[in-house]
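See structure below.
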Amino acid sequence: MAVNETTERNHLLPCGRDLEQVWQHLDEGDADAHEATCPHCRAARESLLALRAATRELIDEPEEPPPDLLGRIMSAVRADARRGRMLELPTPHTGGIEVSEQAIAVIVRYAADSVPGVRARNCRVRQTRAESGSPGPVDVELTIAVPFGPLTLDEVLPDVRARVAAALPDRIGTTLRRLDIHVGDLYEPPSGTGPDGSEGPK
Amino acid sequence: MTSGKLSMVVAPPVIAAVAAHAATGTPGVARLEPGVRGLLAVLTRAGRQRWTDADPAPTEGVRVRVTGAGLIVHVDIAVRSKGPAAEVGRAVQEQVAREVDEQTGQPVDAVYVHILDIEPEL
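If you read the protein sequences in the order shown, they are chains A and B.
At position 187 of the first sequence the residue is numbered 308 (our numbering), and the sequence of numbers has no breaks.
At position 16 of the second sequence the residue is numbered 34 (our numbering), and the sequence of numbers has no breaks.
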């Protein structure tokens, strides 16, 4: 079986004329003497006109796009944004499982937020490798804000660590190796809240 | 029935549709996450099939590749589960491999599950 040297040659008509040239004449509306008589050029011109009509029909399609189209597009764009950095999870099956760093960060922030007074901010997650080469535990860098007041960091940080360390196996299926906590901000507890930043008795 | 050798070729979109159905039916899976490229592919396919008045089965979020290593299925999902996301991922691997094999006769060589989002369990 013979194969064309380049794909460019596919655009040549049997009469030797380039399809691009026929397309150009279609736009300009002036077929030259060769195209006026050549059956190959005429067939190509008719095909191009049919293609153009079909395209125009699609553009003029009166049917409304599906009502949920905008939502689907936004959801698709969001999913692509999360696709950036992925961490592997262990599996006995062939293939693999990976989870986005952002999905893990949501779980970590949620766990830290559940400690009274603590507000989680930025979170970065990095994966380590086990000696066997399989996906290992994760290192987490978390920035938090804590309230002014009697609450000391010594009281708060062990709680944050315990909750993050519990959430990773419970919600993700991986374990915590190292947690670096940066206290990035202090905030004034809004009036009506307890000293630990909680909403007070209900 | 005919006697003699019968060979069947199942097109990748069919495998993708079966895999998508299997993945969405797995407990703990909130939805498939197609991404922009997946959504465009689905819309183009839906447009083509509208001319033939056929309603295409959803395949967004699933990519099927036939390579030298065999039949490979990639599934992009969001998870909503009380348990670990890894468990949901493993269940999706099993379910997709089983349903594709049962419904198309094509053994799946590997299933890759990409968990893009974890939703809070309500």
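We put the beta carbon where it would ideally sit given N, CA and C, even for glycine.
What you are looking at is a predicted structure, and each value in this text was computed from that prediction instead of being measured.
Measuring straight from C-alpha to C-alpha, what distance separates Asp291(A) and Pro237(A)? Counting from one through the first sequence, the residue named residue 291(A) turns up at place 170. Counting from one through the first sequence, the residue named residue 237(A) turns up at place 116. Using only the alpha carbons, I get a separation of about 20 Å.
Along chain A, in chain order, which residues have C-beta atoms closer than 8 Å to that of Glu112(B)? Position 94 of the second sequence, counted from the start, is the residue given in the question as residue 112(B). Near Glu112(B) (Cβ distances below 8 Å), the residues of chain A are His214.
For Gln248(A), does the three-state DSSP call read helix, strand or coil? Taking the first sequence and counting its residues from 1, the one referred to as residue 248(A) is at position 127. Looking at Gln248(A) - three-state DSSP - the assignment turns out to be strand.
For Glu165(A) and His155(A), I'd like the C-alpha separation in whole angstroms. As a first step, residue 165(A) is located in the first sequence; it is residue number 44 there, counting from the start. As a first step, residue 155(A) is located in the first sequence; it is residue number 34 there, counting from the start. The question names Glu, but residue 165(A) in the sequence shown is Ala. When rounded, the distance between both Cα atoms is 13 Å.
If the criterion is Cβ atoms closer than 9 Å, does the pair His92(B) and Val82(B) meet it? As a first step, residue 92(B) is located in the second sequence; it is residue number 74 there, counting from the start. As a first step, residue 82(B) is located in the second sequence; it is residue number 64 there, counting from the start. Yes, they are a contact pair.
Pro290(A) touches chain B at which residues, Cβ-Cβ below 7 Å? In the first sequence, counting from the first residue as 1, residue 290(A) sits at position 169. Within 7 Å Cβ-Cβ: Pro102.
Just list the residues that DSSP pairs Ile180(A) with in beta bridges. Locating residue 180(A) in the first sequence gives position 59, counting from the first residue. DSSP, once it has assigned bridges, lists no residue as partnering Ile180(A).
Ala48(B): which of Val32(B), Ala96(B), Glu112(B), Pro30(B) sits nearest, CA to CA? Residue 48(B) sits at position 30 when you count from the first residue of the second sequence. The candidate whose alpha carbon is nearest that of Ala48(B) is Ala96(B).
Give, in chain order, every residue of the segment 207-236 of chain A whose Cβ lies closer than 9 Å to some Cβ of chain C. The structure shown contains no chain C; its protein chains are A and B.
Anyone know if the C-beta pair for Ile194(A) and Ile293(A) falls short of 9 Å? If you number the first sequence from 1, residue 194(A) lands on position 73. If you number the first sequence from 1, residue 293(A) lands on position 172. Contact: no.
Helix, strand or coil at Ser25(B) [DSSP, three-state]: Walking along the second sequence from the start, residue 25(B) turns up at place 7. Ser25(B) falls in the coil class under three-state DSSP.
How far does the beta strand (DSSP E) with Asp94(B) in it extend, from its first residue to its last? As a first step, residue 94(B) must be located in the second sequence, where it is residue number 76. Residues 88-98.
Are the CB atoms of Ala128(B) and Pro87(B) within a distance shorter than 9 Å? Stepping through the second sequence from its first residue, residue 87(B) is reached at position 69. Stepping through the second sequence from its first residue, residue 128(B) is reached at position 110. The sequence shown places Ala at residue 87(B), rather than the Pro named in the question. Taking 9 Å as the Cβ cut-off, Ala87(B) and Ala128(B) qualify as a contacting pair.
Taking Asn243(A) as the reference, which of Leu272(A), Val220(A), His214(A), Asp301(A) has the closest Cα? For the purposes of this step, residue 243(A) is identified with residue 122 of the first sequence, where counting begins at 1. Residue Asp301(A) is the option with its Cα nearest to Asn243(A).
Leaving out five residues before and five after Tyr130(B) in sequence, what residues of the same chain have Cβ atoms less than 8 Å from its Cβ? Position 112 of the second sequence holds residue 130(B). Taken in chain order, the residues that qualify are Ile90, Val91, His92, Val93.
Taking Cβ positions, are Ala40(B) and Val118(B) nearer each other than 9 Å? Walking along the second sequence from the start, residue 40(B) turns up at place 22. Walking along the second sequence from the start, residue 118(B) turns up at place 100. Contact flag set, yes.
Do you know how far the Cα of Ala241(A) is from the Cα of Asp234(A)? What you label residue 234(A) is simply residue 113 of the first sequence in a count that begins at 1. What you label residue 241(A) is simply residue 120 of the first sequence in a count that begins at 1. Going by the C-alpha atoms only, they are around 6 Å apart.
State the beta-bridge partners of Val80(B) as determined by DSSP. To locate residue 80(B), count along the second sequence from 1; it is residue 62. DSSP output for Val80(B) lists Val93(B) as bridge partner(s).
May I ask which residues mark the beginning and end of the beta strand (DSSP E) holding Gly305(A)? As a position in the first sequence, residue 305(A) is number 184, starting the count at 1. Run containing Gly305(A): 297-308, per the beta strand (DSSP E) assignment.
Can you list, in chain order, the residues of its chain with a C-beta nearer than 6 Å to that of Ala34(B)? Leave out the 5 residues immediately preceding and following it. The sequence position of residue 34(B) within the second sequence is 16, counting from 1. Here the set comprises Thr77, Val80, Val82.
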